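Asks: Numbering-wise, the numbering used here comes out as the position in the sequence shown, counting from 1, plus 1.
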Amino acid sequence: VPLADAARAKPSDNCIASVDVQLPAKAEVLRFLDAGGARPPREALAVLYFGAQAEPNITEYVVGPLPAPTYHRDVTVQKYGGKVPYHRRAVTGAEYTAINELIQKELRKAPRFLSSCCASDGTDLATITTAPRGLKSGDRTTWFVLFHGIAGSGYFVLPVGLEVLVEHGPLDVSQWYLRQVFYNGHYFPSTAELENAFVNKSLKVVAVQKPQEDTVLGSMRPLHPPGAPGPLQFEPQGPRYSVRDNRVTYQGWSIAFGMNPNTGPRLFDIRFHGERIIYELSLQEALALYGSNCPGGMSTRYLDGSFGIGRFAYELVRGVDCPYLATYVDRHYLSESGVPITNQNSLCIFEHDTSLPLRRHFSDTHSLYYGGLRKNTLVIRAVSTLINYDYVWDFMFYSNGAVEVRVHATGYISSSFLHDQGTNYGNRVGPHTLGTMHLHHIHYKVDLDIDGQLNSLESHDMGYQTMRVPWSPENTLQQPFLRRERLERENEAAFPLNASLPRYLSFTGPKPNQWGHLRSYRVQVVSFPGEHLPTSNPMEKAISWGRYKLAVTRRKEEEPTSTSVYNQNDPWTPTVTFADFINDETIANEDLVAWISVGFLHVPHAEDIPNTVTVGNSVGFFLRPYNYFDKDPSLYSPDGIYFSSEQGAGACGANSLACLPAATCAPHLSPFQYGGFVNISLGPPLGGL
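1) How far does the alpha helix (DSSP H) with Gly297 in it reach, from first residue to last?
2) Would you call Met260 buried or exposed, if buried means 16 or more other Cβ atoms sit within 10 Å of its Cβ?
3) Report, in whole angstroms, the separation of the C-beta atoms of Ala595 and Leu449, which I expect to be a contact under 8 angstroms.
4) Using only alpha-carbon positions, find the residue among Pro160, Trp254, Gly297 that is nearest to Gln210.
5) Mind checking Ala55: buried by the 16 CB within 10 Å criterion, or exposed?
6) According to DSSP, what are the bridge partners of Pro572?
7) Return the CA-CA distance between Gln515 and Val526, expressed in angstroms with no decimal places.
8) Run through the DSSP bridge pairs and tell me what Ser417 is partnered with.
9) Over the uninterrupted alpha helix (DSSP H) stretch that includes Thr98, give me the two end residues.
10) Looking at the structure shown, is Gly423 part of a helix, part of a strand, or coil, going by DSSP?
11) Does the stretch 300-319 come close enough to the stretch 113-133 that 3 or more CB-CB pairs lie under 8 angstroms?
12) Since Met438 and Gly292 should fall inside the 8 angstroms C-beta cutoff, what is the C-beta to C-beta distance between them, to a whole number of angstroms?
13) Just checking my contact of Gly600 with Ile451 at CB under 8 angstroms: how many whole Å lie between their CB atoms?
14) So, helix, strand or coil for Asp609, using DSSP?
15) Is it true that the stretch 188-197 meets the stretch 452-462, where meeting means three or more beta-carbon pairs spaced less than 8 angstroms apart?
16) Which of the three DSSP states, helix, strand or coil, is assigned to His442?
17) Which residue or residues does DSSP assign as beta-bridge partners of Val524?
18) Take the Cβ of Thr477 as the centre, count every other Cβ of all protein chains shown within 10 Å, and call the residue buried at 16 or more, exposed below.
19) DSSP state of Tyr315, grouped into three classes?
20) Going by DSSP, what residue range makes up the beta strand (DSSP E) through Glu707?
21) How about Ala36: is its Cβ closer than 8 angstroms to a heavy atom in the ligand FMN?
22) With a threshold of 16 other CB atoms inside 10 Å of the CB of Glu102, please say whether the residue is buried or exposed.
23) Give the DSSP-derived three-state secondary structure of Trp472 in the structure shown.
24) So, for Tyr370: in the same chain, excluding its five sequence neighbours on each side, which residues have a beta-carbon less than 6 angstroms away from its beta-carbon?
25) Between Arg520, Asn389, Met221, Tyr280, which lies nearest to Gly153 when the distance is taken from Cα to Cα?
26) Which residue marks the beginning of the alpha helix (DSSP H) containing Phe114, and which one marks its end?
27) Identify the continuous beta strand (DSSP E) that holds Phe396 and give its terminal residues.
28) Helix, strand or coil: which one does DSSP assign to Gln176?
29) Thr366 lies in the alpha helix (DSSP H); which residues open and close that run?
30) Which residues mark the beginning and the end of the beta strand (DSSP E) in which Gln234 is found?
31) Check whether the Cβ atoms of Trp144 and Pro266 sit closer than 9 angstroms, and answer yes or no.
32) Note down the Cα distance separating Thr554 from Ala494, rounded to an integer number of angstroms.
33) List, from N- to C-terminal side, the beta strand (DSSP E) runs of 3 residues or more that fit wholly inside the stretch 12-89.
34) So Leu195 is in the alpha helix (DSSP H); what residue range does that whole segment cover?
35) Using 10 angstroms around the beta-carbon of Ile256, count the other beta-carbons present and answer buried if the total reaches 16, otherwise exposed.
36) Report the rounded CA-to-CA distance for Phe273 versus Phe398, giving the unit in angstroms.
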């Protein structure tokens, strides 16, 4: 088959769109890791765009074994139940280049309008794509929004009011054209018609002056000169974690980490003190759904996996994106290129002192003592820049066996040109800028293996029962009690967004702990999502994972992901429909997967200029041991301290903080002192929590 370089391929060419590792089946992996079986052959997944065939299509091949392949298998029908239509492919860089050339050619037909509206000849205007591309299956038409392009600044908040709808479905680029032009509430069939309306004075033009670099709305240049440096986290005796290849170990934790070019960070074979807790913990998709009274904004439903959450995770900035002394790791991908691309230092690993105790108690009754443990955590982090938004992906591991997963949103808001009743869809944040409201929905896959692969799902919550007071039968009281329930089928374990989630929902293993309770891990979601889309919407099936805040299904090799990169450009006939995973199969004593949605509503406001802060814009979930251990495993952490009124707080054997090693490059650390026992009189306890 004749192949073109994907970086320059036309839609009518054949090309290798991407190559990534093909994950082996879980059963093969566990036979190798746990039972001494053969190592699974390393294979690649190659995605090809066949534009030069009689029936253009997308075909996926598994190629192996690496590094010297001898076979390739077409797995498209096996994965998706049929061929993947060509119009579902992602828009390549070469296509965007051709689209921009078309837009520039068309803008030259409206010189007087552009001079009046935008103080521009069009060449200095920047464009942003929207998605999906059309209104029905088979469409490939995209609204592009135009902005003042100011070097070194976020043009995303500088709309000029002009948007164009590009038809780019034909394989012959010369047949592409503008279907419509929008300006300030009015639609035109072409830029020539827009120019005529302006010349004939039938169009009201809002003059937007080109901003100056020193006063531009989206500038992130600090308005204050640098001051004294802030606190710097350092490790007195070097890192307490170890990174070897793609595995990190830390205080009993062992985690294999990686990055999928499309879906982003993913972790495997997560163990604590030698026991596997999680087989797979991976990001699946990030949805940003907008509202506006401009066509670009009102039609935007970004599915960021189709753009490349992992591919666009760039180099991290020391001291800002991650601690200065963190370990930085390169990531590699092959997408739209004939050679692999390296994003250096694009994933960081560090131990973080949260400046909180993980647990502590000061005893002022019966005896005087203090016991505590710092809340330190191992963090694996990447940051993806997806057009205007930046997402900080965190995976955190604590010494009590808990895992926290969190995403922080920052970067620039997307905006529309403010006209008519625009504030029905957001807030005005600039002279002509409407910060458009939008939803963020993030989806994760969690394949928990608690005491083995066969798990069940239990809910524990509180109820009240009315009972007579045993020592005073003529009186009653309302007594809280623990309501326990085992969820037997998938439909019971699919919790819609508007339904309440049991406050304790746990994956249970087959064996009890010392106290007779089944060893379990609890899923605790911290999220504020809104409705992703009404289920009556024709594209809702493509993001049907957004219907559920949490859904637990039986694990299947043929259901590896909750979505597909092909859903973005044809959401009306989705390649993968998550809702089909939930078909009321039994989930008792099965290999189970938790699919978790987190999200929040963002109504942009003045303080989102120049761009959005992470404070308050984060959501996530915890995986917490629940009777998995016989007692808190953090007791075995080397960071715990304990001292009493009869024992000096400065004894190194009881308090590691009393003997911090000095480093020549660090400030002098004064001796550890503690005066909390002074003026405390022992007395009866007043109560407890």
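Idealized CB from N, CA, C, for every residue including glycine.
Note that the structure is predicted; figures quoted are calculated from it, not measured.
Replies: The structure says:
1) 296-299
2) buried
3) 6 angstroms
4) Pro160
5) exposed
6) Paired residues: none, contrary to the question.
7) 28 angstroms
8) Leu435
9) 94-108
10) helix
11) yes
12) 5 angstroms
13) Contact doesn't hold; Cβ gap of about 27 angstroms is too wide.
14) helix
15) no
16) strand
17) Leu624
18) exposed
19) coil
20) Lying outside 2 to 690, the shown extent of the chain, residue 707 is not represented and no answer is given.
21) The ligand FMN is not part of this structure, which contains no ligands at all.
22) exposed
23) coil
24) Ser364, Ser645
25) Met221
26) 112-119
27) 390-399
28) helix
29) Looking at the DSSP string, Thr366 is not in any alpha helix (DSSP H); the run it does join, the beta strand (DSSP E), is 342-366.
30) Counting along the chain, Gln234 falls outside any beta strand (DSSP E), and DSSP gives it neither H nor E.
31) no
32) 8 angstroms
33) 15-23, 44-51, 58-65, 72-75
34) 192-200
35) buried
36) 10 angstroms
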